[in-house]
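Student: Below you will find the structure I want to go over with you.
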Amino acid sequence: MDYERLAEILFPEHLESPEYYETIYPLRDLPEGAKVTRLGPSPTGFIHLGNLYGAFVDERLAHQSGGVFFLRIEDTDDKRQVEGAVETIINSLRFFSINFDEGAGIDGDTGDYGDYTQSKRGPIYRAFAKRLVAEGKAYPCFLTEEEIAEIREKQQELKVNPGIYGKWARSRELTLEEIHKKVNMGEEFVIRLKSDGDLSKPEDQIRRISVKDAIRGELSMPENDQDVVILKKTGIPTYHFAHVIDDHLMRTTHVVRGAEWLPSLPIHVELFEKLGWEPPIYCHTAQLMKLDEEGNKRNLSKRLDPELSLDYYRREGYHPKAVREYLLTILNSNFEEWRIANPDADVDEFQFTLEKMSNSGALFDLNKLNDVSKEVLLKVPASEIYDFLRAWADEFRPDDQAVQTMLADRAYMERVLDIGRNAERNPRKDHIFARQMMENLTYFFDETFQITDPMPEEVVNAGDVRVILEKYLATYDHSDDNETWFNKIREITDELGYAVKPKDYKKHPEDYKGHVGHVSTVIRVALMGRQQSPDVWEIQQILGEDRVRARLNRYLETIA
RNA sequence: GGCUCUGUGGUCAAGCGGUCAAGACUCCGCCCUCUCACGGCGGCUACCCGAGUUCGAAUCUCGGCAGAGUCACCA
1398 MDYERLAEIL
1408 FPEHLESPEY
1418 YETIYPLRDL
1428 PEGAKVTRLG
1438 PSPTGFIHLG
1448 NLYGAFVDER
1458 LAHQSGGVFF
1468 LRIEDTDDKR
1478 QVEGAVETII
1488 NSLRFFSINF
1498 DEGAGIDGDT
1508 GDYGDYTQSK
1518 RGPIYRAFAK
1528 RLVAEGKAYP
1538 CFLTEEEIAE
1548 IREKQQELKV
1558 NPGIYGKWAR
1568 SRELTLEEIH
1578 KKVNMGEEFV
1588 IRLKSDGDLS
1598 KPEDQIRRIS
1608 VKDAIRGELS
1618 MPENDQDVVI
1628 LKKTGIPTYH
1638 FAHVIDDHLM
1648 RTTHVVRGAE
1658 WLPSLPIHVE
1668 LFEKLGWEPP
1678 IYCHTAQLMK
1688 LDEEGNKRNL
1698 SKRLDPELSL
1708 DYYRREGYHP
1718 KAVREYLLTI
1728 LNSNFEEWRI
1738 ANPDADVDEF
1748 QFTLEKMSNS
1758 GALFDLNKLN
1768 DVSKEVLLKV
1778 PASEIYDFLR
1788 AWADEFRPDD
1798 QAVQTMLADR
1808 AYMERVLDIG
1818 RNAERNPRKD
1828 HIFARQMMEN
1838 LTYFFDETFQ
1848 ITDPMPEEVV
1858 NAGDVRVILE
1868 KYLATYDHSD
1878 DNETWFNKIR
1888 EITDELGYAV
1898 KPKDYKKHPE
1908 DYKGHVGHVS
1918 TVIRVALMGR
1928 QQSPDVWEIQ
1938 QILGEDRVRA
1948 RLNRYLETIA
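For the first sequence, position 451 (counting from the first letter as 1) is numbered 1848 according to my numbering, and the numbering increases by one without interruption.
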């Protein structure tokens, strides 16, 4: 067979030579050890936690080593394009401080290794496919869908591996004349890799490939024997071919991708071999899992788990720093240790390593995220939290009157946010995510203040609610310091026959109507509408004297 | 079904032939305390199973089992 001739028949258009592309995309001039990584999302615009997890690995690898992190849009599947998706991807990741150095972008591409959108790289793929055909390493296949289905049925009957390979690859047998004729008649075809693999041999004679994965170590699996499609009948490459061509030409050093790609690794290895290139270092990450209804672990799925989309966390109002730190705790097992030793260090100072990555899929743990978030937010100044809440509210709650009024007075809100946080020891860790914070803090604002909790039973039974509030109001002096203020409560407590020390009450409940905690709770409920809150004195200082008196009076009126 | 990956408490995980098998989160109890939170102390709960190698196995080998992934002109 004259393969050169075949290549001309199949690719009659003018194409640059492979050597041309090698020249215009030279090796990158980067310092020793610098890593080049890439994110290759399909442009559906949908990003979930798993994508973020992977993107984070790419980003750290590149930026920790002084390398390059670029965005390549993998839109070779023409069926699922979504308008504005690229922009969404970039913005979503930027929100979490994951920024690209080059690649497809909003204002066109930046970087010298473009085009960064696969659908625009047609001639490049075709040039290399043509070369493969000319060397007898790839061939046109005219099998129709129906014929392939028949082959599969037959294979099932015979209980052999399905697919187009070896003797099943009928188009391999076609002569140049037959092909030429079919092409002239306008028959459609795909280009398939002509695999050298043979898995029908006795097991001990099957060649195994061995790949060193940066996360998983030595990987060993049977070689590829499938004549996979590299160019679809539309002339567009499949993922396998695009990956090999692009990552070679874009000089990617580390390919970070999910473990679901592991089974197709032999295909990629053979492709690199046939093209005569050195493959990049593969880093197959474990997949984030989720517990399904039956209690089984399962991969995160974009179709089944919309609540795990990045948008969910943005809507709830998780701070990006919190999500970032949480991800790091499941990404690198030694991160938590490091964080305890370096409580105030910037996350980026942590040396992320592939070796410390887990091979098994982690279950997403909301409890842990919340805990991490509390710690993270404690370190974020109130003014910054305010900015964050403001942005969150404007994006997700623009018409929510309650939320908007709570944020109207910046200085006031900042004081509210800081309550109990500046204690020299054991500061409060109340803040987790925006929605939770806003719901938590409603009692600071007259517009959203509501009495939701009942008065304590002990006091109600004794009929002392009114007298406690009246005495409290009578002795209230807004300028009292915390200690003076509480001593007054102790006096009222004692006068009315309640225990000043809760312990006394617990020891001899028959001697008292209740204890100082119950008395304070009456004030809490009247003032905050809740039985639980941070320090009352501190809250009062923020509310201001007028508001405090007004709320107490209003409560007395309602029970009059 | 073939191939591949994974298997330590409820969750995430240290561990690399000798440990009373770390730690974090959750849960429970106690302490601190005017409530809640914070903090402190303590507790429950784990090496998938079975052989083998070895003086000794969570760690090495083999065989099961379980979960996950993948077998497209999708990525």
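Note that the Cβ used here is the ideal one computed from N, Cα and C, for glycine as well.
Hey, would you say Leu1786 sits closer than 8 Å to Met1834, going by beta carbons?
Tutor: yes
Student: Taking all protein chains shown into account, do 16 or more other C-beta atoms lie within 10 angstroms of the C-beta of Ile1642, making it buried, or fewer, making it exposed?
Tutor: Counting every other CB atom within 10 Å of its CB across the protein chains shown gives Ile1642 a total of 16 or more, marking it as buried.
Student: Would you check if the distance between the CB atom of Arg1528 and the CB atom of Pro1423 is smaller than 8 Å?
Tutor: no
Student: Can you tell me whether Met1398 is buried or exposed, with buried defined as 16 or more other CB within 10 angstroms of its CB?
Tutor: exposed
Student: Sort out for me which residues DSSP pairs Glu1618 with in a bridge.
Tutor: According to the sequence displayed, residue 1618 carries Met and not Glu. Note: Met1618 sits in a beta bridge opposite Ile1606.
Student: Tell me the DSSP secondary structure of Glu1888 in three-state form.
Tutor: helix
Student: Between which two residues does the alpha helix (DSSP H) harbouring Tyr1783 extend?
Tutor: Ala1779 to Phe1793
Student: Jot down the residue ranges of each uninterrupted beta strand (DSSP E) in the stretch 1880 to 1954, minimum 3 residues, whole runs only, in chain order.
Tutor: You should have found no qualifying run.
Student: Anyone know if the C-beta pair for Arg1469 and Gly1500 falls short of 8 Å?
Tutor: Their beta carbons are under 8 Å apart, which means Arg1469 touches Gly1500 by this criterion.
Student: Hey, quick one: how far does the alpha helix (DSSP H) through Leu1529 stretch, first residue to last?
Tutor: Gly1519 to Ala1531
Student: Looking only at C-alpha atoms, which of Lys1904, Arg1721 and Leu1760 sits nearest to Val1454?
Tutor: The shortest Cα separation from Val1454 among Lys1904, Arg1721 and Leu1760 belongs to Arg1721.
Student: Nearest CA to the CA of Arg1927: which residue from Met1618, Thr1839, Leu1446 and Glu1401?
Tutor: Thr1839
Student: Below 8 Å on the Cβ atoms is my contact criterion, and I expect Ser1972 with Phe1539 to pass it. Report the Cβ-Cβ distance as a whole number of Å.
Tutor: The shown model of the chain, from 1398 to 1957, leaves out residue 1972, and the question about it has no answer.
Student: Cα-Cα, which of Gly1758, Arg1736 and Leu1766 is closest to Ala1656?
Tutor: Gly1758
Student: Is Val1479 helix, strand or coil by DSSP?
Tutor: coil
Student: Provide the residue span of the alpha helix (DSSP H) that contains Val1864, from first to last.
Tutor: Val1862 to Thr1872
Student: Expressed to the nearest angstrom, what Euclidean distance is found between the alpha-carbon atoms of Ala1831 and Pro1676?
Tutor: Roughly 45 Å separates the two Cα atoms.
Student: How many angstroms separate the CA atom of Glu1772 from the CA atom of Asn1496?
Tutor: 25 Å
Student: Could you tell me the alpha carbon to alpha carbon distance between Pro1599 and Asp1593, rounded to whole angstroms?
Tutor: 16 Å
Student: Can the beta-carbon of Thr1572 be found less than 8 Å from the beta-carbon of Thr1473?
Tutor: At a Cβ-Cβ threshold of 8 Å, Thr1572 and Thr1473 do not count as neighbours.
Student: State the Cα-Cα distance for the pair Gly1563 and Asp1622, rounded to the nearest angstrom.
Tutor: 8 Å
Student: With a threshold of 7 Å on Cβ separation, who are the neighbours of Arg1807 within its own chain once the five nearest residues in sequence on each side are excluded?
Tutor: Same-chain partners within the cutoff: Tyr1783.
Student: Can you tell me the Cα-Cα spacing of Glu1888 and Leu1940, whole angstroms?
Tutor: 24 Å
Student: Look up Tyr1422 in the DSSP assignment and say whether it is helix, strand or coil.
Tutor: coil
Student: I think Leu1751 touches Leu1446, with their Cβ atoms under 8 Å apart; what is that distance to the nearest whole Å?
Tutor: Taking C-beta atoms under 8 Å as the contact rule, Leu1751 and Leu1446 fail to qualify, at a distance of about 20 Å.
Student: Less than 8 Å separating the beta-carbons of Ile1603 and Leu1628?
Tutor: Taking 8 Å as the Cβ cut-off, Ile1603 and Leu1628 do not qualify as a contacting pair.
Student: By the 10 Å Cβ neighbour count, where 16 or more other Cβ atoms means buried, how is Arg1491 classified, buried or exposed?
Tutor: Exposed, by the Cβ-count rule.
Student: Does the separation of the CB atoms of Asp1861 and Lys1910 fall below 8 Å?
Tutor: yes
Student: Out of Thr1682, His1665, Glu1544 and His1640, point me to the one whose CA is closest to Arg1654's CA.
Tutor: Out of Thr1682, His1665, Glu1544 and His1640, Thr1682 has the C-alpha closest to the C-alpha of Arg1654.
Student: At which residues does the beta strand (DSSP E) containing Thr1434 begin and terminate?
Tutor: Val1433 to Leu1436
Student: Between the stretch 1550 to 1565 and the stretch 1507 to 1526, do at least 3 Cβ pairs fall closer than 8 Å?
Tutor: When C-beta atoms of the stretch 1550 to 1565 are compared with those of the stretch 1507 to 1526, fewer than three pairs fall below 8 Å, so the two segments do not count as touching.
Student: Could you tell me whether the stretch 1949 to 1957 touches the stretch 1860 to 1878, where touching means 3 or more Cβ pairs closer than 8 Å?
Tutor: yes
Student: Per DSSP, what kind of secondary structure is Ile1576 in: helix, strand or coil?
Tutor: Reduced to three states, the DSSP call for Ile1576 is helix.
Student: Going along the chain, which residues of its own chain have a beta-carbon closer than 8 Å to the beta-carbon of Gly1451, five neighbours each way excluded?
Tutor: Leu1436, Val1653, Arg1654, Gly1655 and Thr1682
Student: Measure the alpha-carbon distance for Arg1390 versus Val1626 and round it to whole angstroms.
Tutor: Absent from the model: residue 1390. The displayed extent of the chain is 1398 to 1957, so no value can be given.
Student: Would a C-beta distance cut-off of 8 Å place Met1810 and Thr1845 closer than the cut-off?
Tutor: no
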